[in-house]
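Worksheet for the structure shown next.
Residue numbers (my numbering), protein chains in the order written: chain Z, -4 to 227; chain C, 2 to 291.
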């Protein structure tokens, strides 16, 4: 018999919203142990174990079957699991953690409004500078798939794991692909979003692992019932 | 690159061994697999060199038995290039189409736009040359490697492009006929020549194509059993610029090749050499032959 393991974001707003979401469905999530210990429990559910993980690691833990369920954003699942169809199933959209993955360029580029324009600029940039226009992002898979689908050429992706909005001013990129909610950070860094639809509309979701061992997991039936899911 | 730096002409290479190719994460193709290949660097008679490469591949394949038979396809990238060059429109628009020859969806979308069938992308209508410098500086501070002068230059081009008339419908139809062409090779030259009245530069391109078509016939190949496709070769690597061909058994590609003169120029630091080559995929051959 095994404990039902649920990956929960280990910090921040995402964790707070996750706790509230479960609470409103009659599931009380509490942290256990000392202040810095990454452990928790669901009140009254001894066969269920919350596993505190960074949201960015939850996708691979789900894919590896180390956790049965996990809370993380659509963006991270799409980026980290290209084979997600065989690895995870989306059980619920949780209604928080909304963010759009977009492409942004400097506001003073009044000649650029759409991805068509960026493609044309990339062609010119390459012949002028003798290297390809750089798009800074941490979403390499999603961005590359998108650009291939819309037929953009003559670009390169440069990795940026944070503070992506500052790369253009720092001359390490010419454009960025990043998630945005209010657009305030982009505005503050003198950037604008292209007019096209976002590459991805993301929110926090509860995902089920298709690769975990679901044999004899006694905690699952009661947990699923609380959420109104079919426990088969 | 090594050949261009110190090689001689004519030269013929043959190789066999493992090659490595990064595949998409969603693909189940192996990343390392066997490949057999030949390259011919010889500018004396390109049509004949094209046929020689084709012939070597076919003679190798014919030593085996393919229960589903072999389907042979051919094309010539030079035809689409000549078709685009023939269009009555600005050099900028032609360059944009040439660049996206290798991305059919993009190419078709651009063609449609230049034909006036769809609206241009949003955001360009309000651009103006009046007060351009102020419009740029008002929009935001100049950050990054791309400069305000680059933006201004492109605004000028976009404003000029707004005035560009649409492509004549008859030219667009002719180009689409070439794209859709899928006929036996022995009928191809005639069918393509009919398009030359709308797309004049296609005539010299057909002449060049005739060189390899005749060379194939001279080596005893039945041209009625090779399928010519107008867009063959455009969805593989971006370096083909003439004769292209492929051999399939069922839906499995067992061999493919083509001419790549322009690549030798890019990798040759300015020098250019006539070059044509092909590969056979032994793993696929083993799967589909007996």
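Each residue gets a CB set at the ideal place from its N, CA and C atoms; glycine is no exception. Predicted model only: the values in this text are computed from it and were never measured.
Under 8 Å by beta carbon: chain C residues contacting residue i
i: residue 105/Z; result: 128, 136, 137, 140, 152 and 156
i: residue 164/Z; result: 144 and 145
i: residue 109/Z; result: 122, 123 and 124
i: residue 124/Z; result: 146
Within chain Z, the residues that residue i reaches when beta carbons sit closer than 7 Å
i: residue 149/C; result: 103
i: residue 106/C; result: 146
Interface partners of residue i on chain C, CB under 7 Å
i: residue 113/Z; result: Within chain C, no residue comes near residue 113/Z; the closest Cβ sits about 11 Å away, beyond 7 Å.
i: residue 78/Z; result: 26 and 27
i: residue 190/Z; result: 123 and 124
Residue i at chain Z interface by Cβ criterion, 9 Å
i: residue 110/C; result: yes
i: residue 270/C; result: no
i: residue 232/C; result: no
i: residue 25/C; result: yes
i: residue 164/C; result: no
i: residue 22/C; result: no
i: residue 100/C; result: yes
i: residue 263/C; result: no
i: residue 116/C; result: no
i: residue 97/C; result: yes
i: residue 213/C; result: no
CB contact below 9 Å: residue i versus chain C
i: residue 59/Z; result: no
i: residue 148/Z; result: yes
i: residue 172/Z; result: no
i: residue 119/Z; result: yes
i: residue 176/Z; result: no
i: residue 194/Z; result: no
i: residue 153/Z; result: no
i: residue 187/Z; result: yes
i: residue 116/Z; result: yes
i: residue 211/Z; result: no
9 Å Cβ cut-off: residues of chain Z touching residue i
i: residue 251/C; result: Here the premise fails: no neighbours, minimum Cβ distance about 27 Å.
i: residue 30/C; result: Here the premise fails: no neighbours, minimum Cβ distance about 14 Å.
Sheet register partners of residue i (DSSP bridge)
i: residue 96/Z; result: 174/Z and 195/Z
i: residue 184/C; result: 229/C
i: residue 34/Z; result: 46/Z
i: residue 188/Z; result: 99/Z
i: residue 278/C; result: 40/C and 259/C
i: residue 13/C; result: 41/C
i: residue 4/Z; result: 48/Z
i: residue 84/Z; result: 203/Z
i: residue 21/C; result: 33/C
i: residue 26/Z; result: 35/Z
Cross-chain neighbours of residue i in chain C, by beta carbon under 9 Å
i: residue 169/Z; result: 145, 146 and 147
Contact list for residue i against chain Z, beta-carbon separation under 8 Å
i: residue 159/C; result: 106
i: residue 4/C; result: The contacting residues do not exist; residue 4/C stays about 24 Å from chain Z at best.
Check: residue i C-beta below 8 Å from any heavy atom of the ligand FAD
i: residue 92/Z; result: This structure does not include the ligand FAD; it has no bound ligands of any sort.
Does the structure place the stretch 2 to 16 of chain Z close enough to the stretch 49 to 62 of chain Z that three or more beta carbon pairs sit under 8 Å? Touching, per the Cβ criterion.
Please specify which runs of the beta strand (DSSP E), each continuous and at least 3 residues long, are wholly inside the stretch 99 to 162 of chain Z, giving them in chain order. You should have 128 to 132 and 150 to 154.
Which whole runs of the alpha helix (DSSP H) in the stretch 188 to 263 of chain C are 4 residues long or more, in chain order? Runs found: 203 to 219.
Within the chosen definition, does the stretch 202 to 222 of chain C reach the stretch 174 to 193 of chain C through at least 3 CB pairs nearer than 8 Å? These segments touch.
Given 8 Å as the limit, is there contact between the stretch 113 to 124 of chain Z and the stretch 80 to 89 of chain Z, that is, 3 or more CB pairs closer than that? Contact check between the stretch 113 to 124 of chain Z and the stretch 80 to 89 of chain Z: fewer than three CB pairs, one atom from each, fall below 8 Å, which does not count as touching.
Just to confirm the assignment: which complete alpha helix (DSSP H) runs, minimum length 4, are found wholly within the stretch 39 to 123 of chain C? Entirely contained in the stretch 39 to 123 of chain C, the alpha helix (DSSP H) runs reaching 4 residues are, in chain order, 47 to 62, 78 to 86, 92 to 100 and 105 to 115.
Counting only runs of 4+ residues fully inside the stretch 50 to 79 of chain Z, write out the alpha helix (DSSP H) ranges in chain order. For secondary structure counted as the alpha helix (DSSP H) over 4 or more consecutive residues, the stretch 50 to 79 of chain Z holds these complete runs in sequence order: 53 to 59 and 69 to 75.
Using 8 Å as the Cβ pair cut-off and three pairs as the minimum, do the stretch 169 to 178 of chain Z and the stretch 91 to 106 of chain Z touch? Output reads yes: the stretch 91 to 106 of chain Z touches the stretch 169 to 178 of chain Z.
Taking 8 Å as the cut-off, does the stretch 30 to 46 of chain C touch the stretch 200 to 208 of chain C (at least 3 CB pairs, one atom from each stretch)? No contact exists between the stretch 200 to 208 of chain C and the stretch 30 to 46 of chain C.
Quick test of the definition: if touching needs 3 or more C-beta pairs under 8 Å, does the stretch 15 to 23 of chain C touch the stretch 82 to 96 of chain Z? Pairwise C-beta distances place the stretch 15 to 23 of chain C out of contact with the stretch 82 to 96 of chain Z, as fewer than three of them are shorter than 8 Å.
The stretch 66 to 80 of chain C contacting the stretch 139 to 157 of chain C, beta-carbon criterion three pairs below 8 Å: In this structure the stretch 66 to 80 of chain C does not touch the stretch 139 to 157 of chain C; the number of beta carbon pairs closer than 8 Å is below three.
At least 3 beta-carbon pairs within less than 8 Å: the stretch 91 to 98 of chain C vs the stretch 253 to 262 of chain C: No contact exists between the stretch 91 to 98 of chain C and the stretch 253 to 262 of chain C.
Would you call the stretch 104 to 123 of chain C in contact with the stretch 154 to 173 of chain C, where contact means no fewer than 3 C-beta pairs closer than 8 Å? Touching, per the Cβ criterion.
Is the stretch 119 to 132 of chain Z in contact with the stretch 181 to 200 of chain Z, if contact means three or more CB pairs nearer than 8 Å? They do not touch, by the three-pair rule.
Hey, is the stretch 129 to 142 of chain Z in contact with the stretch 188 to 205 of chain Z, meaning 3+ C-beta pairs nearer than 8 Å? As far as the Cβ criterion goes, the stretch 129 to 142 of chain Z touches the stretch 188 to 205 of chain Z, which means the pair count is three or higher.
The stretch 235 to 251 of chain C contacting the stretch 3 to 10 of chain C, beta-carbon criterion three pairs below 8 Å: Too few Cβ pairs lie closer than 8 Å, so no.
Counting beta carbon pairs with one atom in the stretch 263 to 281 of chain C and one in the stretch 36 to 54 of chain C, are three or more of them shorter than 8 Å? Contact check between the stretch 36 to 54 of chain C and the stretch 263 to 281 of chain C: three or more CB pairs, one atom from each, fall below 8 Å, which counts as touching.
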